[in-house]
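A.B. asks: Residue numbers (the numbering used here): 822 to 1096.
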Ligand code: ADP
Ligand code: MG
């Protein structure tokens, strides 16, 4: 597989929103598949005890020998727990429901917020083989999501195109600011992506214009449409790009991947250019 010139240098992106059902997992799986299609070595860290990303990529529970819990616990190196998916260039750290006790099990540890970061940094050579690492967060601003924000370079926020969508975003932004002020000073908001968008719906249009007015350039140009193929794909254990490559859902996640790569490249160039 030939390497693209604009390598992404193991960018770690947490996909977070404390609301459930807004498209975090769908975005993690399909954005990852679209990045892999562009020859980026992509890794998903499933840190949601529901394990939807793991299931959606066809990792049977019996194949989840080592899981996110074991990695956070320090029992298993990340490189040993990660499994290859059926998509070339896309691997995943699977999770299971045992992760739901992480808050209680690790809650009193002093290093409870850096467990994921430590696991990722333990083997830098292995980490750096990946161009992009996407973290699929649970629907809560709990210890697991905080671990993701401490480990990540940036946070990507899926926003469902419905009423109340913008509510809750301020709490999320506040949490990002707190993490920036403490454990991870360079954490950025990668962007906000509107999901499940129905262009015929006036309310959805209103949410989009409100989001663009309030958040400006933070909102990705790409909008993910409501597309039934996207919701069907996980039951076939496939990203939509494999399930129905020509669907609107596939096209939209390809466009999001292109936009993400472009943003990353611009950001890396800005970092290199002295002010
Ligand atoms: P989260 O991870 O934020 O809880 P999911 O990605 O699991 O959200 O999405 C919630 C539900 O909505 C799932 O059943 C998923 O298949 C469906 N879904 C997500 N995005 C879309 C979309 N763009 N079009 C249609 N269905 C979608
Ligand atoms: Mg999810």
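Glycine is no exception: its CB is placed at the ideal position from the N, C-alpha and C atoms.
Keep in mind that this is a model prediction, so the values were computed, not measured.
Less than 8 Å between the C-beta atoms of residue 1022 and residue 971, yes or no?
C.D. replies: Not closer than 8 Å, so no.
A.B. asks: At a cut of 8 Å, does the stretch 833-844 reach the stretch 952-970 through at least three beta carbon pairs?
C.D. replies: Touching, yes.
A.B. asks: By a C-beta neighbour count over all protein chains shown, 10 Å radius and 16 as the cutoff for buried, is residue 1025 buried or exposed?
C.D. replies: The residue is buried, with at least 16 neighbouring Cβ atoms inside 10 Å.
A.B. asks: Please name the residue, chosen from 996, 987, 1050, 1051, that lies closest to residue 1034 on a Cα-to-Cα basis.
C.D. replies: Of the listed residues, the one whose Cα sits closest to residue 1034 is 987.
A.B. asks: Nearest CA to the CA of residue 1068: which residue from 1050, 1081, 881?
C.D. replies: The candidate whose alpha carbon is nearest that of residue 1068 is 1050.
A.B. asks: Assuming the contact rule is C-beta atoms closer than 8 Å, residue 884 and residue 916 should be a hit. Round their C-beta distance to whole Å, please.
C.D. replies: Not a contact, Cβ separation roughly 13 Å.
A.B. asks: From residue 948 to residue 992, what does the alpha carbon distance come to, in whole angstroms?
C.D. replies: Their Cα atoms are separated by approximately 31 Å.
A.B. asks: How about residue 1045 and residue 1015: are their beta carbons less than 8 Å apart?
C.D. replies: Yes.
A.B. asks: Curious, which full-length alpha helix (DSSP H) runs of at least 4 residues does the stretch 929-1004 contain?
C.D. replies: DSSP runs (the alpha helix (DSSP H)) wholly in the stretch 929-1004: 936-942, 945-948, 964-972, 990-1002.
A.B. asks: What residue from 977, 1055, 863, 945 has the CA that sits closest to residue 951's CA?
C.D. replies: Checking every option, the nearest Cα to that of residue 951 belongs to 863.
A.B. asks: For residue 835, report the span of its beta strand (DSSP E) as first-last.
C.D. replies: Unbroken beta strand (DSSP E) run through residue 835: 832-836.
A.B. asks: Would you say residue 896 faces chain C, with C-beta separation under 8 Å as the test?
C.D. replies: Of the chains in the structure shown, none is chain C; there is only one protein chain.
A.B. asks: Distance check for residue 874 and residue 1120, CA to CA, integer angstroms please.
C.D. replies: Here the chain covers residues 822 to 1096 and nothing more, so residue 1120 does not appear.
A.B. asks: Run the proximity test for residue 991: is its beta-carbon closer than 7 Å to any non-hydrogen atom belonging to the ligand ADP?
C.D. replies: Residue 991 Cβ: outside cutoff for every heavy atom of the ligand ADP.
A.B. asks: Please find out if some non-hydrogen atom of the ligand ADP comes closer than 7 Å to the beta-carbon of residue 894.
C.D. replies: No - the ligand ADP has no heavy atom lying nearer than 7 Å to the Cβ of residue 894.
A.B. asks: Return the CA-CA distance between residue 1018 and residue 1047, expressed in angstroms with no decimal places.
C.D. replies: For residue 1018 and residue 1047, the distance between alpha carbons rounds to 5 Å.
A.B. asks: Would you say residue 1028 and residue 1010 are within 8 Å of each other, going by their C-beta atoms?
C.D. replies: Not a contact, by the Cβ cut-off of 8 Å.
A.B. asks: Go ahead and label residue 925 buried or exposed: buried means 16 or more other beta carbons lie within 10 angstroms of its beta carbon, across all protein chains shown.
C.D. replies: Exposed, by the Cβ-count rule.
A.B. asks: Return the residue from the list 861, 955, 876 that minimises the CA-CA distance to residue 975.
C.D. replies: Answer by Cα proximity: 955.
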